[in-house]
Structure formats: C-alpha cells, structure tokens
Amino acid sequence: MTDIVFETEGRFLSLRGSFINTIGLRLDQSIAEHYIQNRLARDGADKGHHITVINHLEIAEKAPKTLQDENGNEQLPASNKQKTRLFKQGQQILLSTILDQFGDASGWEKPIDLGLGSTESANAKTYYKVIYWPHGQTIRQYVGLGTSNFHVTVGFAPRDVHQYKGPGTLVCLQPHQYCSVELYSRLIEYVPFYVTDKQFIKALYQTGWRNGYYVLVARLTRVLLQSILRFLYYKLVGKKTISLLVTTAAPPV
C-alpha cells in the first residue's frame, strides 16, 4: 500500500495509504469490537482507513451546474444520470486542480494524529482519531472551501455521528479521563492553530484545572493571548485568511 495517496473515493476526495491506515489502527485505549465492525461493514474490510478531504456536498457545490448540447448551448441536467455525470466531472476537476497545484500526495506534509476523540448524538456514538493537518486546510482554502475537522473514523454504533470532531472532543480532555502532563503540554503547542476553536480551548482549561496543572494553565493563557493578538493583527491589516501553523509541534504519543 502506498504511503499516502489522494484520490476519488465514491462521492468524496480522500487521503489514503499505509500512513493513514496506521493512524486508524493505533488506538490510545480499547474500543468495543462492535464499533469497529460497524465501520468495516460500511467502508469495506479491505479498504483501510481514510481522511475525507472534500465531502460530497462540497463537491456538488463546486461541480458544473449545466451541460452542453450538441450545438454548444448550456442546459440544466434533466435526469439523475446527467446530474451524476456533472458531479463526477466536478470531482475530477477538483482532483486535477489540487494535484496540479500541490503535486503528488507522496510529497505532501503528513497529517498528525492528536489522539482518540469521541462524540455522541441521539444514542449514537463515534470514535475517531483527531487530525492536525495544516496542509489539508491549505488545499481546501485553495479551492475556495473553509476549514474542516479532519479525522480518521475508528468505529461507531449504531451509526456514524456527523458533527464537530475537532480537538475539543479528544477523549483525554473529557471529564473523568486521564491526561498526562506530557500530553497536556504538547496539546498547548497546537493552540495557535486552533485559536478560534472555543470547545478545544475550554476543554484545555477544564482539564488543566482538574488535574492541577496550574503552571501549564498559565502557559496556556500566555499562548492563547499571543495567538489572539496575532489573529486580530492579521484581521486589522486586511488578511482574508489566517494561517497560524505550528509546524514544529511534536505529535502526542
């Protein structure tokens, strides 16, 4: 299996490969087997894990809206087959545009695994690896899309939950869960990138106070204030997009 590959997958554009599969298989804690089996039944046992880079709704938004007839006139699709053709066309255009601009995925900056996350809704629960991947955000920005909560789905029951899956949902930051001082310290290094993620910032503060990491909470406050000032500075000088990347941060273990 290739280390990293960017490709069309069903109705998505996804990042796959042995590197992504290793992230999905590396679990911080045990998960009930039926969660994993539900994912395998949905995605296929032989396909491995993936990161959705651009989803089907975003592809549909960017896809052409009209077809050309034999005379070159524009017309709206009249059948589901024609709509599917336009969708596939848009999917391929996005794929080619990204590869032309950024090159083969094997040379891209690799995603960083921040740890196991979980979220619940209406008696359903999903486990996933929370992913820090600035290069992926740059790709999305290039094609006119907003930021995304990149993740690698590990398992779910009875269905996948589609909602916020950012670092604020890390299991180690949830109440009654253990977060080592080393892991907590490393997570603070990512605050400049997630300065607008209120759920993550709140979870960091609550975890720090709960565990008595008072010196690190003070450090968190300094990093957060510096990041906010930088954020405001970029807005004041007219920047339309902000890239607060912490490329030197070591991945949590």
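In this note's numbering, the protein residues as written are 53 to 305.
Just so it is clear, CB atoms sit at the ideal spot from N, CA and C, and this is done for glycine as well.
Beta-carbon proximity of residue i to residue j, cut-off 8 angstroms
i    : j    : result
H101 : I83  : no
D80  : G167 : yes
A115 : L151 : no
F90  : A174 : The residue you asked about is not Phe; residue 90 is Asn in the sequence shown. No, these two residues do not count as a Cβ contact at 8 angstroms.
P219 : Y257 : no
V243 : V275 : yes
W160 : I280 : no
Straight-line Cα distance separating residue j from residue i
i    : j    : result
V223 : D249 : 16 angstroms
L128 : K254 : 47 angstroms
Y265 : V233 : 7 angstroms
K133 : T118 : 13 angstroms
Y285 : I145 : 36 angstroms
Y230 : L65  : 35 angstroms
V269 : Q215 : 28 angstroms
T104 : G124 : 35 angstroms
E126 : K135 : 14 angstroms
N201 : R63  : 18 angstroms
K140 : G96  : 22 angstroms
E306 : V182 : No answer is possible for residue 306: the residues shown for the chain start at 53 and end at 305.
A176 : R282 : 39 angstroms
L277 : K287 : 15 angstroms
E122 : E113 : 25 angstroms
E85  : Q120 : 50 angstroms
G169 : V289 : 36 angstroms
Closest Cα partner of residue i within the set the options
i    : options                   : result
T171 : W185, N123, Q134 and Y87  : Y87
K217 : Y180, V206, Q189 and T190 : Y180
F71  : Y286, R271, S173 and A157 : A157
I164 : E241, Q278 and P210       : E241
L67  : L147, G196 and Q153       : L147
G260 : L235, H187, R78 and E59   : L235
L77  : Q278, R271 and H203       : H203
E59  : G155, E85 and E122        : G155
V267 : K287, L277 and S237       : S237
P186 : F283, R94 and K162        : K162
L272 : N263, K287 and L239       : L239
R262 : G169, E85 and H228        : H228
Same chain, Cβ closer than 6 angstroms to residue i, five either side skipped, listed in chain order
i    : result
D212 : T178
I111 : G142 and Q143
Q251 : G220
I191 : I150
L52  : Since the displayed the chain opens at 53 and closes at 305, residue 52 lies outside it and no answer follows.
Q189 : T199
T54  : G69
Chain-order list of residues whose beta-carbon lies under 7 angstroms from that of residue i (same chain, five-residue window excluded)
i    : result
V305 : Here the model assigns V305 a pLDDT of 44, short of 50, so the residue's position is not dependable and the matter cannot be decided.
Q226 : none
Q153 : Y194
N107 : F64
Q | Inside the stretch 80–165 only - alpha helix (DSSP H) runs reaching at least 4 residues | A | 85–95, 108–114 and 132–154
Q: With a floor of 4 residues, list each alpha helix (DSSP H) that falls wholly inside the stretch 179–236, ordered by position along the chain.
A: 186–194
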